[in-house]
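S.K.:
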Amino acid sequence: MILFDADLSATELGARRRKNATIGEVVDTVVAGLFADYVTARADRDREQMLLILDHAKAIDPALVDELRGFDYLAAA
1 MILFDADLSA
11 TELGARRRKN
21 ATIGEVVDTV
31 VAGLFADYVT
41 ARADRDREQM
51 LLILDHAKAI
61 DPALVDELRG
71 FDYLAAA
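The opening residue of the sequence shown carries number 1 in the UniProt record's numbering; numbering runs sequentially from there.
(1) Could you check the C-alpha separation between ALA43 and ASN20 for me, to the nearest Å?
(2) Between which residues of its own chain and LEU34 is the CB-CB distance below 8 Å, once the five residues before and five after are set aside?
(3) Closer than 6 Å by C-beta to residue 126: which residues in its own chain qualify, once you throw out the five before and the five after it? Chain order, please.
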């Protein structure tokens, strides 16, 4: 079950979740969100949104830019 902070923000469970979340878990969640947003922007052919997402990814980790640009291309055999 996936729970979002917005759903839990005012609850004791939400407070515990935020307290126990590791930096790695938070980064993983952000990166997963970037991939999901990039897929949506690419499907919509929204180049401006794609560039914004790539810029955000570069600020987090420059290697993410290459991963986002190439994640759905067929691998060379």
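We put the CB at the ideal spot given by N, CA and C, even for glycine.
M.R.: Put simply:
(1) Rounded to the nearest angstrom, the two C-alpha atoms are 35 Å apart.
(2) If we look at LEU34 and ignore the five residues flanking it on each side, its Cβ neighbours are ILE53, HIS56, ALA57, ILE60, LEU64 and LEU68.
(3) Any answer about residue 126 is impossible in this case: the structure gives the chain only from 1 up to 77.
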